[in-house]
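>
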Amino acid sequence: MALPGNSTRRIIIAEHSVRFEPSGQTVQARTGALISEIARQVGLDLNMPCGGQGRCGRCAVIVQDGGAGIRRRSTLRLTSEDLVAGYALACQTVLEGDVVVTVPVQEKIERRLVTDKTATPIVLPFTYDPLQHQSVRLLPLTLDPPSMVDQTDDWSRLKRAMASAPSSSLGQWDSGNGTWMKQESAADDGTGVVDLMADLSTLRRVGTMLRQHNWAVNAVVEIDIWDRPDGPARLIDLLPPGRTEHLWGAAVDIGTTTVSLYLVDLLTGEVATKAAEYNGQIKRGEDVISRIIYASKNDGLGELQSLVVGTINELLERAARRAKISPSEIYKMVVAGNSTMIHLLLGLPPSSIRLEPFVTTINHPPPALASDLGINIFPQANVDCLPGVASYVGADISAGVIGSQMCDSSALTLFLDVGTNGEMVLGDCDWLISCACSAGPAFEGAGVRDGMRATVGAIEEVWINGETYEPTYRVISNPKLEAQGQPTPSRGICGSGLISLLSEMFITGVIDKAGNLNFDLGSSRIRRGEHGPEYVVAWADQTEQGHDIVITKVDIDNLIRAKGAIYAGFTVLAQSVGIDLSMVERVLIGGSFGQYINIEKAVQIGLLPDLPWEKFHFLGNTALQGALLALLNREYRQQIGEAAQGMTYLELSADNSFYEAFTSALFLPHTELAQFPSVAEVLADRDMQSVR
Amino acid sequence: MPTIEVPKEKWNGKVREITLGATAAEGGTRAKTVTVGGETTLPFLHFEGEIPRPPAIAIEVQDRKPVDWSPVLLEAWGDVTEDVAAWTKAAAEAGADVILLKFSLHDELSPDYARQVLRHVLDATGLPLIVFGPGQADLDNDVLVAVAEEGKGENFVLGVCEDKNYRTIVAAALAHGHLVNARTAMDVNLAKQLNILISDMGLPLERIVMDPTTGALGYGMEYGYSVMERLRLAALQGDGMTQQPMLVTPGEEAWRAKEARAGEGVPQAWGDWAERAINWETLTASTLVESGADIVVLRHPESVKRVRGMIDVLMSKSGVTS
Numbered sequence: 095m096a097l098p099g100n101s102t103r104r105i106i107i108a109e110h111s112v113r114f115e116p117s118g119q120t121v122q123a124r125t126g127a128l129i130s131e132i133a134r135q136v137g138l139d140l141n142m143p144c145g146g147q148g149r150c151g152r153c154a155v156i157v158q159d160g161g162a163g164i165r166r167r168s169t170l171r172l173t174s175e176d177l178v179a180g181y182a183l184a185c186q187t188v189l190e191g192d193v194v195v196t197v198p199v200q201e202k203i204e205r206r207l208v209t210d211k212t213a214t215p216i217v218l219p220f221t222y223d224p225l226q227h228q229s230v231r232l233l234p235l236t237l238d239p240p241s242m243v244d245q246t247d248d249w250s251r252l253k254r255a256m257a258s259a260p261s262s263s264l265g266q267w268d269s270g271n272g273t274w275m276k277q278e279s280a281a282d283d284g285t286g287v288v289d290l291m292a293d294l295s296t297l298r299r300v301g302t303m304l305r306q307h308n309w310a311v312n313a314v315v316e317i318d319i320w321d322r323p324d325g326p327a328r329l330i331d332l333l334p335p336g337r338t339e340h341l342w343g344a345a346v347d348i349g350t351t352t353v354s355l356y357l358v359d360l361l362t363g364e365v366a367t368k369a370a371e372y373n374g375q376i377k378r379g380e381d382v383i384s385r386i387i388y389a390s391k392n393d394g395l396g397e398l399q400s401l402v403v404g405t406i407n408e409l410l411e412r413a414a415r416r417a418k419i420s421p422s423e424i425y426k427m428v429v430a431g432n433s434t435m436i437h438l439l440l441g442l443p444p445s446s447i448r449l450e451p452f453v454t455t456i457n458h459p460p461p462a463l464a465s466d467l468g469i470n471i472f473p474q475a476n477v478d479c480l481p482g483v484a485s486y487v488g489a490d491i492s493a494g495v496i497g498s499q500m501c502d503s504s505a506l507t508l509f510l511d512v513g514t515n516g517e518m519v520l521g522d523c524d525w526l527i528s529c530a531c532s533a534g535p536a537f538e539g540a541g542v543r544d545g546m547r548a549t550v551g552a553i554e555e556v557w558i559n560g561e562t563y564e565p566t567y568r569v570i571s572n573p574k575l576e577a578q579g580q581p582t583p584s585r586g587i588c589g590s591g592l593i594s595l596l597s598e599m600f601i602t603g604v605i606d607k608a609g610n611l612n613f614d615l616g617s618s619r620i621r622r623g624e625h626g627p628e629y630v631v632a633w634a635d636q637t638e639q640g641h642d643i644v645i646t647k648v649d650i651d652n653l654i655r656a657k658g659a660i661y662a663g664f665t666v667l668a669q670s671v672g673i674d675l676s677m678v679e680r681v682l683i684g685g686s687f688g689q690y691i692n693i694e695k696a697v698q699i700g701l702l703p704d705l706p707w708e709k710f711h712f713l714g715n716t717a718l719q720g721a722l723l724a725l726l727n728r729e730y731r732q733q734i735g736e737a738a739q740g741m742t743y744l745e746l747s748a749d750n751s752f753y754e755a756f757t758s759a760l761f762l763p764h765t766e767l768a769q770f771p772s773v774a775e776v777l778a779d780r781d782m783q784s785v786r
Numbered sequence: 003m004p005t006i007e008v009p010k011e012k013w014n015g016k017v018r019e020i021t022l023g024a025t026a027a028e029g030g031t032r033a034k035t036v037t038v039g040g041e042t043t044l045p046f047l048h049f050e051g052e053i054p055r056p057p058a059i060a061i062e063v064q065d066r067k068p069v070d071w072s073p074v075l076l077e078a079w080g081d082v083t084e085d086v087a088a089w090t091k092a093a094a095e096a097g098a099d100v101i102l103l104k105f106s107l108h109d110e111l112s113p114d115y116a117r118q119v120l121r122h123v124l125d126a127t128g129l130p131l132i133v134f135g136p137g138q139a140d141l142d143n144d145v146l147v148a149v150a151e152e153g154k155g156e157n158f159v160l161g162v163c164e165d166k167n168y169r170t171i172v173a174a175a176l177a178h179g180h181l182v183n184a185r186t187a188m189d190v191n192l193a194k195q196l197n198i199l200i201s202d203m204g205l206p207l208e209r210i211v212m213d214p215t216t217g218a219l220g221y222g223m224e225y226g227y228s229v230m231e232r233l234r235l236a237a238l239q240g241d242g243m244t245q246q247p248m249l250v251t252p253g254e255e256a257w258r259a260k261e262a263r264a265g266e267g268v269p270q271a272w273g274d275w276a277e278r279a280i281n282w283e284t285l286t287a288s289t290l291v292e293s294g295a296d297i298v299v300l301r302h303p304e305s306v307k308r309v310r311g312m313i314d315v316l317m318s319k320s321g322v323t324s
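Those protein sequences? They're chains A and B, same order as listed.
Per our numbering, residue 95 is the first one in the first sequence, and the count goes up by one each step.
Per our numbering, residue 3 is the first one in the second sequence, and the count goes up by one each step.
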């Protein structure tokens, strides 16, 4: 009830016109709508690496008539000059009037050439026998045509033919024994009893196919799958009689950053082609937490789901083209990935993963039909997402444990998967314990001022002269320039470059053990920049952008935190089972990041334990390797399930032992130098030399 | 009556012995020096190990009358706060073992000004000194470098070194024969790390006093207590990077607490303001003494008397006598 004399203020929810430049698209939107959402409606792709939380500043746009037409909820990372120039963060700015929004050119994400299309042969740890190992089969069938004497329906006829198919081609998985029984007895009696099922959409094609091909067809049958170990078998497709050369499957690893795929011939077990691409979700958040936050926004989940499916389809398309097939000829897919990636692929809301007590919707999701997920393989093919252990130890780790074969040996093994999250597993063939910690994206070049991914132009290794403090570095070269004998200008520093740079700065005394730059050295490369103390790695004239490439104190702190978190993770893991790290016999390093780490440098900064170098083994993408094993061999698929189920999960946030270990590791190489004898030696040598 | 054998822990570590100040014979001008440290057991467990000397009490004086001090404090000191030399003398008379000279932040603060102030203080007392800058990295460096040079050879403690700003102060201590105070934010690892950083510059561990920071009673003191206790346990267990004597500033902390600051608008049950404030400082300081503090920096003369009384009792090996 309005009191007399009080003026009531009317809030007007009006429509305003928004024009996007340079595309010229114009759209009507209501007061209060976020610029980022309006942009999405018109199909403009704004990068939002922080997931739209207003933290990263990468979605900045220029708003003409910035005064009245918009309201900025946050201006983090914008300077006052930026504001005068009309810059606004699209994810934090709401519409209040008619505006013209200029969208700057969005940074394109380039692919690292070497990870895609490489030709290294993949060696399986077993001799592949599809009859023994494979659950999806190609069965050549010849049916007796129906007649007035035999009016059996097509489906029963098909089942009968299958029952009398050569016994070698069909068998039965004995889940009790965990072995594959060659089926001699079960269905050879000609009674036609085979337990077979099919989706309605498959059934619809049965009659036509049988008649069209004169009662001789090839059946693609999924004999069993982990949640139906005793069948019934499922008819996936019927093929014309000639098509018996190949039967295709795909193994996929969905990384937070990179999605990788193997296209595999299920008849031979050979990987025909490989493909890798950045996860299309990156522009909606660079780490899992940002993605979870984005997924909780209005239809964010749907968008992230279709983005990753888009990436997978693109990879399928590319791999299939190289193998000269169509993606629809793929009848089986196995997927590894961290728990958040699997949730997003399946369209499961991931929000509970982020919130205490950190629980997933499901650790062991059931198989899903490709058509239900939008994946462009054969629509009735199953997509089998491998099981995870916990919210932050996902299927990529259970697959990695099997892919790395750490369980095959009684040697005490530490398995590390270093990425945005560091996951680690300690154990041997009898026991496994795992934990996860957030290292942040620093080692992947994100969250570092001049950091970048390992693509063309990235500085990937650095050496610093101990007397002049001048650096020498190696850049990932552009093949075209290289062919012309020209150097590739540097654009930034990638993860391996950062590790190498940090180590060199430390060993040469450019920074102290806490990462402070030493201004007493008198090097012009050590200076106070716009963002505080920094070291110049490359002067502007050697770079592509024409500005100095630097590492700032803030970057150094980020890197030290990242390495500290990983080191603390496995020290606490070892402590929790009363094991000294020196007892570890093998350190297996997975994750695409691992392949490019220089062990010596990584030990010098205290990222890896100070063990003899021969104990370290870089295995590349162990999650994808695990997915491949699961794709080819149901015993491995079962082992992954058992590993996921049997692995102990240590929640690091449950007490303060991780924090203690972490602060102790926030030092170069570590507060307890005694844990790094080889580094102590290097430092002693250095000090001796400086005395001379 | 059955005999009860008191269980004893066997420690193999010892707190470093550090001497503040230098007499004429030692290259300074101090009438006396003060040594702290040397414990081989937890605080005051005389039956188990050596507690060779009592914790020292430092009284804080400032270069000019503090603008942010409680009227209770200013009243207790009276007019001497107007003149740093007079204040220093009064502090010595109030029972200080060591004088802590703290420079406050104001426009006249300059290296030359700091030298003059130091001169007055050195002339006013024969006690060893601790000198703290105003707490802003660049100014601290300017002031402390000047002061270190001016007081060359006096072996006083320069502070405050922090992990982001220690190089200049340590270099000044190295060049002019002083000690440093290494302050870290209530964390065992951070304390160790700063000791390592400073000793990496070549300053012997015998010249580093560590300041693990503390909170006042009711303001996180128990956290500081626990960190100090853990540092001392590590020291006794033989961890060389934790064997520095500990300096803490309960005076500054306690007088920041509402209970000490506020005279009006508080429940009547809180009682007399001055008594309450002094209690706050005394209780904070005596608790920290029990957790292993080797130097406590106090502000109120009455608190000094009470803390001294407590230390005397704790040091008498026969136990509580009065």
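Built from N, CA and C at the ideal position, the CB exists for glycine as well.
With 7 Å as the threshold, decide whether the Cβ of Phe664/A is near any Cβ in chain B.
Closer than 7 Å: no.
> Leaving out the 5 sequence neighbours to the left and right, which residues in its chain are closer than 7 Å to Leu76/B when beta-carbon positions are compared?
Thr83
> Quick one: does Gln195/B have its CB under 7 Å from some CB of chain A?
With 7 Å as the cut-off, Gln195/B counts as an interface residue toward chain A.
> Which residue spans inside the segment 664-692 of chain A form an unbroken beta strand (DSSP E) run of at least 3?
680-684
> What does DSSP give as the partner residues of Gly431/A in its beta bridges?
Ile348/A
> Would you verify that the beta carbon of Lys607/A is, or is not, closer than 7 Å to some beta carbon of chain B?
Interface residue, yes.
> Checking contacts by CB at 7 Å: is Phe761/A closer than that to chain B?
yes
> For Asn610/A, return the contacting residues in chain B, with the cut-off set at a CB-CB distance below 7 Å.
Lys166
> If I follow the unbroken beta strand (DSSP E) through Ser528/A, where does it start and stop?
526-532
> Within the continuous alpha helix (DSSP H) that includes Arg385/A, where are the two ends?
382-389
> Interface residues of chain B around Asp749/A at Cβ under 8 Å?
Contacts between Asp749/A and chain B, judged by CB atoms closer than 8 Å, are missing: the closest CB pair is about 15 Å apart.
> DSSP on Val542/A, reduced to helix/strand/coil?
coil
> What do you get for Ile6/B, buried or exposed, if any count of 16 or more other CB atoms within 10 angstroms of its CB means buried?
exposed
> When the Cα of Leu177/A is compared with those of Ala154/A, Thr362/A, Val197/A, which residue comes out closest?
Ala154/A
> Could you name the residues that DSSP lists as bridge partners for Asn312/A?
Answer is Pro234/A, Leu333/A.
> List the residues that DSSP assigns as beta-bridge partners of Arg82/A.
Residue 82/A falls outside the range modelled here, since chain A spans only 95 to 786, and no answer is possible.
> What residue does the beta strand (DSSP E) around Tyr372/A start on, and which one ends it?
Its beta strand (DSSP E) spans residues 364-372.
> Give me the subset of the segment 202-215 of chain B whose CB atoms are less than 7 Å from a CB atom of chain A, sorted by chain position.
Asp202
> Which residues in chain A sit within 9 Å of Asn143/B, going by Cβ to Cβ distance?
In chain order: nothing, as chain A lies at least about 11 Å away.
> Between Ile20/B and chain A, is the shortest Cβ-Cβ distance under 7 Å, so that the two count as touching?
no
> Which parts of the segment 63-104 of chain B are runs of the beta strand (DSSP E), unbroken and 3 residues or longer, counting only runs that do not cross its ends?
100-104
> Straight-line CA distance for Val38/B to Ala88/B?
27 Å
> For my contact list, Met291/A and Leu332/A are in at a C-beta cut-off of 8 Å; report their separation, rounded to the angstrom.
Not a contact, Cβ separation roughly 14 Å.
> What span of residues does the beta strand (DSSP E) with Thr289/B cover, start to end?
Not the beta strand (DSSP E): Thr289/B falls in the alpha helix (DSSP H), residues 275-292.
> By the DSSP assignment, the beta strand (DSSP E) with His122/B in it spans what residues?
Where His122/B is concerned, there is no enclosing beta strand (DSSP E), although the alpha helix (DSSP H) it sits in stretches over 113-126.
> Please classify Gln82/A: is it buried, with 16 or more other beta-carbons within 10 angstroms of its beta-carbon, or exposed?
Here chain A comprises residues numbered 95 to 786, so residue 82/A is not present and cannot be evaluated.
> So, helix, strand or coil for Leu264/A, using DSSP?
The pLDDT assigned to Leu264/A is 49, lower than 50, so where the model puts this residue is not dependable, and the model offers no usable value.
> Can you look up Asp282/A in the DSSP assignment and give me helix, strand or coil?
With a pLDDT of 42 at Asp282/A, under the threshold of 50, the modelled position of that residue is not reliable, and the figure given next carries that caveat. Asp282/A: coil per DSSP, three-state reduction.
> Could you tell me which of Ser420/A, Leu777/A, Ala493/A, Asp649/A sits nearest to Arg731/A, measuring between CA atoms?
Ala493/A
> For the 8 Å Cβ check, are there 3 or more pairs between the segment 716-723 of chain A and the segment 341-353 of chain A?
yes
> With a threshold of 7 Å between beta carbons, is Ser617/A in contact with chain B?
no
> What's the gap between the Cα of Leu172/A and the Cα of Gln270/B?
50 Å
> In chain order, which continuous runs of the beta strand (DSSP E) of length 3 or greater are located wholly inside the segment 125-199 of chain B?
Taken in chain order, the complete beta strand (DSSP E) segments of 3 or more residues contained in the segment 125-199 of chain B are 131-134, 159-163, 181-185.
> When DSSP labels each residue in this structure, what does Ala179/A get in the three-state scheme?
coil
> So for Gln228/A, helix, strand or coil by DSSP?
Three-state DSSP puts Gln228/A in coil, outside helix and strand.
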